[in-house]
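Written below as structure tokens is the structure these notes are about.
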Amino acid sequence: MSENQVQASEHVDPRPAGKNTRRRQLGMTLIEIMVVIVIMGMVMGAVTVGVMSYLKKAKKKTTQTQVNRIAATINAEAAEPENKGKDGKAMLETLISDGSFKKKDLSDAWGNEIRVEKVERSFCVYSAGPDENFGTGDDIKDEDCGQ
């Protein structure tokens, strides 16, 4: 073998041998893990924000449907002769006693009571909405009651 062939076949590792090489590899692995964890946290945060806004919309839609259903049932029941002159609270009690609704059905998606008020010849059914306070702009009312 010539001298050139010997030099070409020898491979020299530029890294120092021993414990330092192992430490450098472990340190790099730790940094990589930290980067992955940070990226995962950012993705989870973005997903959480999206899911929370979806859940908020879903609660509003569920409550709106529930309020409309209660209003339709109450207004139909109010036409019966035995229910003439009853106020909102009495009508809710009638719906529970005749089995049309369970007590738990008469609360909104946030766990608050659904209220019923007599307005002229019909009833207005409404929920306090997301802020859980009646009389604010986000109250959810049945379609015939007005927004």
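Residue numbers (my numbering): 1264 to 1410.
From the three backbone atoms N, C-alpha and C, an ideal C-beta is built for every residue, glycine too.
Query: Would you mind stating whether Thr1325 and Ala1391 have Cβ atoms separated by less than 8 Å?; Result: no
Query: DSSP state of Gln1410, grouped into three classes?; Result: Below a pLDDT of 50, predicted positions are generally treated as unreliable, and Gln1410, at 48, falls in that range; the measurement from the model is reported next regardless. In this structure, Gln1410 counts as coil in the three-state DSSP scheme.
Query: Assess, as a yes-or-no matter, whether the segment 1312-1326 is touched by the segment 1347-1358 under the definition of 3 or more beta carbon pairs within less than 8 Å.; Result: no
Query: Cα separation between Asp1405 and Pro1344?; Result: 24 Å
Query: Applying the 10 Å Cβ sphere with the 16-neighbour rule, what's the burial state of Ala1353?; Result: exposed
Query: Going by the beta-carbon positions, is the gap between Thr1423 and Ser1363 smaller than 8 Å?; Result: Limits of the chain in this structure are 1264 at one end and 1410 at the other, which puts residue 1423 out of reach.
Query: Determine the burial state of Val1298: buried for a count of at least 16 other Cβ atoms within 10 Å of its Cβ, exposed for fewer.; Result: exposed
Query: What is the rounded straight-line gap between the Cα of Val1312 and the Cα of Val1301?; Result: 17 Å
Query: Measuring only the C-alpha atoms, how far is Ile1377 from Ile1333?; Result: 9 Å
Query: Considering Cα atoms alone, identify which of Gly1308, Asn1331, Met1305 and Lys1323 is closest to Asp1407.; Result: Asn1331
Query: Could you tell me the distance, in whole angstroms, from the CA atom of Val1379 to the CA atom of Ala1321?; Result: 22 Å
Query: Name, in chain order, the residues that DSSP records as bridge partners for Ile1403.; Result: Ser1390
Query: Between the beta-carbon of Asn1346 and the beta-carbon of Ser1385, is there less than 8 Å?; Result: no
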